[in-house]
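Each residue of the sequence shown is one higher than the last, beginning at 44 in this note's numbering. All residues carry an ideal CB built from backbone N, CA and C; glycine is no exception. Just below is one structure, and these are the notes that go with it.
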Amino acid sequence: VQLKSPLFLIAMATLQAVSGNVEEKVEAIQTICDEREWLRKIQESLAARPLAARTYLAQLQKEERILMLQSTAATSPKEKALLTSLAAIAGSRAAVLSNKINTELRPLEQTIEKINTRIGNLGTLLKLWPGDQTTFSGSAAVCHAGDKVFTSATGGCKADAETSPINPRTGCQMTQASADKLKQAAGDLHKITKIKALATSDIKIPTLEVEVEYKGTPVGTDNQGNGNIHCGDHATPRCGSLTKGVAFVGLKPKTAAPKPTETKLASAKTPTAGGEPADPYIETATAIAQAAIRENRDKLRALPDTLEDASVDSLAATATVQKILLLGVGVPYSPTEDPASIESKAAALLGGKGKQIKEKFFKTITDKNIKLQIGGENIETSLEEAATSNKYELIIAYRTGKSVDSKEIADCTQTATTKDERKEKNAREKATKINAMVKIYVNSMMVSAKSKRK
């Protein structure tokens, strides 16, 4: 069956095929090492989302500053109003994303913590579950301490048994055929409907099977092969006595190694008043599935578009953008108006249909066309640099006609690298004043534009 997209699933998923619905089963998680590798890939995927979102947030905030800088430099009231409206749109999108990061970051961190616990448990299980190879050492006779097995027992023996772990010393080796599937599935969690993983009950010390071999009853006068200790070890010769005695010959798991079992992702459950009790040691496969896949698969994925990369057609077709632009600029607007007419008006303000927003509003942002002299300091920069520079407040303040001492601004910038709390406080107060000036100016421009339209 030819599928529309690669099969990115763990155990079973329902995909839409070219010829109709088809259910495919992919045995990607076959061993403990496979599951552990998959969980690590999920961690990487989840951890990358907040970083990408914060980078994107900085880009949206920069757009807002660029548009605000352009609005303060504009000479036409209509152009000022348009740029101020676009700055408000960019600021609104940045605020939405900032809130999204703040509200969704903690659940993502909690999920990563759960995965850490699960990975640790799997690693512990790998060490607890022995292989078939056992080394015996430290065999010795012990005093008779009661008839545990034999009637009128005359003595006992003990030995240390070291089992080799289920994974080799070279590390946990995952199934090679599963490597690509595990990596892809971690990045495409929204395509997963079921997973295969070890059950909670399997994370325990396994039942061991001890095998011994005996021959007669060892006594002190017998010819012994282990230094008259009266207890067998696993060294050569493999017996406690050449003629009589007991020897350990095997120690291994009695049951087969645990196999992953299928877990279907349940729908969201309403939390109980007291919350569900958490096991501090064991996190079940279901807990990982619910937290990592169902609850977090779409978090921080739907990021708002940047204005610079948007097309006029897509932005002009957005109802919220239409309302802000038309009301902000003073173009007649009514919710009952023909949608096509409203869209056409918005598109005209943005530069015309079939074009990109950046052609009109972001085309010259890298040109060093801002040349100022304030307080004896020469400034030559671009809109893009100004929007990301510590001095952009100074430039805005200058363009609003407010008096600002550039040396004071420089002092504020310098205090960021010092520990002088007094200077830092003064710098914050000055920065607050400048920001207040900008807000007052922008608000006054909006009021002025509205009064002129009336």
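Residue i lies in the alpha helix (DSSP H); which residues open and close that run?
i      : result
Tyr376 : Element bounds for Tyr376: n/a, residue is neither H nor E.
Phe404 : Ile400 to Phe404
Ser357 : Val355 to Ala359
Pro503 : The requested residue 503 does not occur in the structure, where the chain is confined to residues 44 to 497.
Met111 : Ile75 to Ala116
Less than 8 Å between the C-beta atoms of residue i and residue j, yes or no?
i      : j      : result
Ser128 : Leu368 : yes
Ala104 : Ala137 : The amino acid occupying residue 104 in the given sequence is Gln; Ala does not appear at that position. Yes, the Cβ-Cβ distance between Gln104 and Ala137 is below 8 Å.
Ile75  : Leu151 : no
Ala359 : Glu386 : yes
Gln73  : Ser221 : yes
Ile400 : Leu350 : yes
Lys121 : Ser114 : no
Leu89  : Ile155 : yes
Val364 : Ala383 : no
Which value, in whole angstroms, describes the spacing of the CA atoms of residue i and residue j?
i      : j      : result
Ala391 : Tyr99  : 28 Å
Thr424 : Arg83  : 45 Å
Pro93  : Ala101 : 12 Å
Leu346 : Lys406 : 23 Å
Lys146 : Arg108 : Correcting the residue type first, residue 146 is Thr in the shown sequence and not Lys. Rounded to whole angstroms, Thr146 to Arg108 spans 25 Å at the Cα level.
Gly133 : Thr118 : The question names Gly, but residue 133 in the sequence shown is Ala. Answer to the nearest angstrom: the Cα atoms are 21 Å apart.
Leu126 : Met111 : 7 Å
Leu148 : Ser141 : 10 Å
Ile162 : Tyr376 : 58 Å
Asp77  : Ala96  : 29 Å
Val372 : Asn421 : 34 Å
Asn271 : Thr178 : Low local confidence applies: a pLDDT of 46 at Asn271 is under 50, so the model's placement there is unreliable, with the coordinate-based value given in what follows. So the alpha carbons of these two residues sit roughly 21 Å apart.
Val139 : Asp348 : 12 Å
Glu80  : Ser135 : 40 Å
Met217 : Leu165 : 13 Å
Leu225 : Gln219 : 10 Å
Lys411 : Leu370 : 32 Å
Thr215 : Glu205 : Per the sequence presented here, residue 215 reads as Cys, with Thr not at that position. Approximately 19 Å between the Cα atoms of the pair.
Asp203 : Thr160 : 31 Å
Ala311 : Gln153 : Only weak support is given to the placement of Ala311: the predicted model assigns it a pLDDT of 37, under 50, and the value that follows is read from those uncertain coordinates. Answer to the nearest angstrom: the Cα atoms are 17 Å apart.
Phe404 : Glu428 : 15 Å
Quickly, what does DSSP pair residue i with across the bridge? List them, please.
i      : result
Lys414 : Glu423
Thr154 : Its beta-bridge partners do not exist; DSSP assigns none.
Asp203 : Ser180
message: I want to know whether the stretch 349-356 touches the stretch 395-404 - three or more CB-CB distances under 8 Å.
response: yes
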